[in-house]
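The next block holds one structure in the form of structure tokens; read it before the comments.
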Amino acid sequence: MKIAVVMGGASPEHQVSLASGKGIVKAVELLGHTAIPMVIDADGNWVDGQHEAIEILQACDVTIPALHGEGGEDGRLQGFFEQLHIPYAGSGVAASAVGLDKQLTKAILQAHGIPVTPGVMLRGTELTDTEAMLQKLKVAGLDFPLFVKPASGGSSFGVTRATNLPTLLTAIADAAPDVLVEREVVGREIDVAVMEFPDGRIDTAPALEIHADPDQPFFNATAKYDSSATRFVVPAPIDDVLAARLRTTAIEVFEVLGCAGLARVDFFVPGDGVPVVNEINTFPGFTPASQFPRMWAAAGMSYVEIVDNLIRTAVARG
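Counting from 1, position 249 in the sequence shown corresponds to residue 248 in numbering that gives the first Met the number 0; the numbering is continuous, with no gaps.
Spelled out as structure tokens, the structure:
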């Protein structure tokens, strides 16, 4: 088959996406398919030109949109593919759009009784009216330390841990225009990889625990990509009861949001043992060293086999 692999994009995760795409291209070639790498530059333009890109995509059997963040993981690119009747791997328009909107994700999960990290959205005049903003946080029961992040995005870009009012105001300005402020959850950081198979079955890999670089304030972009002190432990050392609960919840999140193909669900597990969902990534980092492939490696699936499954599942979904 001819497999288009789209990478890059205008989000802060441009370089991460390029690395994901290159890994997927190599796997596609090892599977014996023809890989067609397609790059969207940092300004959001197709390097091949939009009309040329459309012709290339329509000539391929399947497209893998290996983009992270806005413009690629938020439903816009998926809608483009739908308009052109191009088969693609991963979640569709609605699940992608909801999945990248952290507050909308939380609202939907809460409505289904799934515990999430407590937080509130700030936008408009709330970003500049300090008194109104503090009142909203107080009503929601939020106190320092707090985590401030853009409502859409990933890779911890723009995320700040605020410990007092000056750091909070600076963090809000950095994360504007749509800002999510969350209570700090003290506990273990555990990720679960979810994948759909060609027969429609949805399963998870062994969970992964993150031990962030202790010299960083939290698992930020530096700890994620530039630190040799960050450790990923998979399988995570958890008991069978917690493992089963994480698996069940991750699959429920996947299904409630209407996801397809793959996702990574990130949890906090506080001392009382009740996991809370922090966020979902509908197309998580996909380099050979990323968390998603690491978890499936622990289940006995190689990187190439994971990519093969993505392709075959996309074909089966039509």
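Just so you know, even glycine gets a beta-carbon here, dropped at the ideal spot from N, CA and C.
{"query": "Phe-285 versus Glu-208: straight-line alpha-carbon distance, rounded", "result": "17 angstroms"}
{"query": "Member of Leu-133, Ala-170, Ile-310, Met-6 whose CA lies at the smallest distance from the CA of Asp-47", "result": "Met-6"}
{"query": "CB of Leu-245 within 8 angstroms of CB of Pro-213, strictly", "result": "no"}
{"query": "With 16 other Cβ atoms within 10 Å as the buried cut-off, status of Ala-172", "result": "exposed"}
{"query": "Cβ shell of Arg-122 (< 6 angstroms), same chain only, five flanking positions each side left out", "result": "Asp-177"}
{"query": "Three-state secondary structure assigned by DSSP to Ala-52", "result": "helix"}
{"query": "Helix, strand or coil at Glu-72 [DSSP, three-state]", "result": "coil"}
{"query": "CB contact flag (Ala-297, Ala-204, <8 angstroms)", "result": "yes"}
{"query": "Residues sharing a beta bridge with His-210, DSSP", "result": "Arg-230"}
{"query": "Outcome for Val-240 when other beta-carbon atoms lying within 10 angstroms are tallied against a minimum of 16", "result": "exposed"}
{"query": "Cβ pair count under 8 angstroms reaching 3, the stretch 24-34 against the stretch 294-311", "result": "yes"}
{"query": "Identity of the residues DSSP links to Asp-100 by a beta bridge", "result": "Ser-151"}
{"query": "Counted within 10 angstroms of its Cβ, other Cβ atoms place Phe-253 as buried (16 or more) or exposed", "result": "buried"}
{"query": "Where Thr-62 falls, given that 16 or more other Cβ within 10 Å makes a residue buried", "result": "buried"}
{"query": "Reference Pro-292; option with closest CA among Lys-148, Leu-261, Ile-279", "result": "Leu-261"}
{"query": "Segments assigned beta strand (DSSP E), at least 3 residues, entirely inside the stretch 130-199", "result": "145-149, 159-161, 178-182, 186-195"}
{"query": "heavy atom of the ligand FAD below 7 angstroms from Val-240 C-beta", "result": "Ligands are entirely absent from the displayed structure, and the ligand FAD is therefore not among its contents."}
{"query": "Per-residue burial, Ser-154 [other beta carbons within 10 Å of its own, 16 or more giving buried]", "result": "With a pLDDT of 47 at Ser-154, under the threshold of 50, the modelled position of that residue is not reliable, and the figure given next carries that caveat. Buried, because 16 or more other Cβ atoms sit within 10 Å of the Cβ of Ser-154."}
{"query": "Touching by the beta-carbon criterion (3+ pairs, under 8 angstroms), the stretch 89-99 and the stretch 37-46", "result": "no"}
{"query": "Bridge partners - Glu-304, DSSP secondary structure assignment", "result": "Beta-bridge pairing links Glu-304 to no other residue."}
{"query": "First and last residue of the uninterrupted alpha helix (DSSP H) at Ala-18", "result": "13-29"}
{"query": "Pro-269, DSSP secondary structure in three states", "result": "strand"}
{"query": "Beta-carbon proximity of Leu-66 to Leu-83, cut-off 8 angstroms", "result": "no"}
{"query": "Delimiting residues of the beta strand (DSSP E) encompassing Val-276", "result": "275-280"}
{"query": "Secondary structure of Val-46, DSSP reduced to three states", "result": "coil"}
{"query": "Residue range of the unbroken beta strand (DSSP E) whose run includes Pro-64", "result": "61-64"}
{"query": "Bridge-paired residues (DSSP) for Ala-34", "result": "Ile-2"}
{"query": "Paired residues, beta bridge with Leu-241 - DSSP", "result": "According to DSSP, which records beta bridges pairwise, Leu-241 is partnered with nothing at all."}
{"query": "Proximity below 8 angstroms, CB of Pro-114 to CB of Val-276", "result": "yes"}
{"query": "Closest by C-alpha distance to Leu-17, when choosing among Pro-64, Ile-201, Thr-116, Ile-53", "result": "Pro-64"}
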